[in-house]
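These notes concern the structure reproduced below.
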């Protein structure tokens with residue numbers, strides 16, 4: 002749950018913390034608000050295993066050529082590095098596809 006005098010109370014329930022974060026960000030994005038955490042960066046996305054075993058509290062730093070280290074989703078981030086859920090999801094899909102294609106060759 003997130004409350005502020007600037008917007009109504011936002012409460013989301015999800016199967017893991019990363020999904021709950023994405024849902025809250027989905028409400029805030031259209032209002033021009035961003036949550037400034039590592040889990041909102043363009044190159045961070047959890048695997049299914051990270052979600053199942055870690056509750057979505059950690060996710061992978063995803064490069065264009067490999068999957069990197071696990072990072073803490075709720076660690077503070079540089080405000081210049083966060084994006085919308087839609088942009089993050091699209092970039093994660095793009096990067097995973099690049100990695101899959103590179104591994105296939």
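Residue numbers (this note's numbering): 2 to 106.
Note that beta-carbon positions come from the ideal geometry of N, C-alpha and C, so glycine has one too.
Bear in mind that the values here come from a model prediction, so they are computed numbers and not experimental data.
My understanding is that residue i touches residue j, with C-beta atoms under 8 Å, so please give their C-beta distance in whole angstroms.
| i | j | result |
| --- | --- | --- |
| residue 41 | residue 93 | Residue 41 to residue 93, Cβ: 12 Å. No contact. |
| residue 36 | residue 58 | About 15 Å; that fails the 8 Å criterion. |
| residue 24 | residue 18 | Incorrect: roughly 11 Å between the Cβ atoms, too far for contact. |
| residue 103 | residue 66 | 6 Å |
Going by the DSSP bridge assignment, what does residue i pair with across the sheet?
| i | result |
| --- | --- |
| residue 46 | 61 |
| residue 3 | 11 |
| residue 71 | 61 |
| residue 83 | 42 |
| residue 31 | Note: residue 31 sits in no beta bridge, so no partner. |
State the DSSP-derived secondary structure class of residue i, mapped to helix, strand or coil.
| i | result |
| --- | --- |
| residue 53 | helix |
| residue 100 | helix |
Around the Cβ of residue i, are there at least 16 other Cβ atoms within 10 angstroms (buried) or fewer (exposed)?
| i | result |
| --- | --- |
| residue 89 | buried |
| residue 96 | buried |
| residue 51 | buried |
| residue 7 | exposed |
| residue 105 | exposed |
| residue 60 | buried |
Between the C-alpha atoms of residue i and residue j, what's the straight-line distance to the nearest angstrom?
| i | j | result |
| --- | --- | --- |
| residue 99 | residue 26 | 26 Å |
| residue 48 | residue 9 | 31 Å |
| residue 29 | residue 83 | 13 Å |
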